[in-house]
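Here's the structure we're looking at; comments come further down.
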Amino acid sequence: MCAFSFDDPHIHSCICLMGVYEGERCQYEVGVPRNIVQQTQQSQHVQAPPPPPTPVVTYQIKQMELERQREEERRRSYERRIDAERRRIEEGRRVGVMPVPTRDPVEDQRIEEMRRRDEELRRIAARRREEERRRQHEERA
2 MCAFSFDDPH IHSCICLMGV YEGERCQYEV GVPRNIVQQT QQSQHVQAPP PPPTPVVTYQ
62 IKQMELERQR EEERRRSYER RIDAERRRIE EGRRVGVMPV PTRDPVEDQR IEEMRRRDEE
122 LRRIAARRRE EERRRQHEER A
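Once you know that position 25 of the sequence shown is 26 in the working numbering, the rest is easy, because the numbers rise by one and skip nothing.
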């Protein structure tokens, strides 16, 4: 027995008690003479309407290129951050392993002398300002 749709010949379900299948539909139908089945099969081959056309997809080439460039820049930025972090971690390891540089006593002495000289100049300038202020105060009084 064949069950099919007259509207759409592609929909077909066939249950043949004789077990003989050929083509789209069953070759023999139980209880119907063979020549009738063949005639009905031939007359029922109706062309299905063609499927609707697929929509035409238009791609914006410039937009796609900009998107690709942005993605590329994001990837590079991420890689730079990862590399910088990796370098920073490696530098930290190296610093911990490196010996502490020894200080030069001559350089330390020179720095200390410059510090003393600057402090002395600041004291002298402060003393002058204080004397100038006293003088101006005495002149007003």
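For every residue, glycine included, the Cβ atom is placed at its ideal position computed from N, Cα and C. Please read these numbers as outputs of a predicted model, since none were measured by experiment.
Once you ignore the five residues that flank residue 72 on each side, which residues in its own chain have a CB closer than 7 Å to its CB?
-> For the purposes of this step, residue 72 is taken as the residue at position 71 of the sequence shown. None.
Residue 110: first and last residue of the uninterrupted alpha helix (DSSP H) it sits in | Counting from 1 along the sequence shown, the entry for residue 110 is found at position 109. In the DSSP assignment, residue 110 falls within the alpha helix (DSSP H) that extends over 106-141.
Put residue 48 into one of helix, strand or coil per three-state DSSP.
-> For the purposes of this step, residue 48 is taken as residue 47 along the sequence shown, with counting starting at 1. If DSSP states are grouped into helix, strand and coil, residue 48 belongs with coil.
Alpha-carbon spacing of residue 92 relative to residue 112, whole angstroms | Here the question's residue 92 lines up with position 91 in the sequence shown. Here the question's residue 112 lines up with position 111 in the sequence shown. Their backbone Cα atoms lie some 29 Å apart in a straight line.
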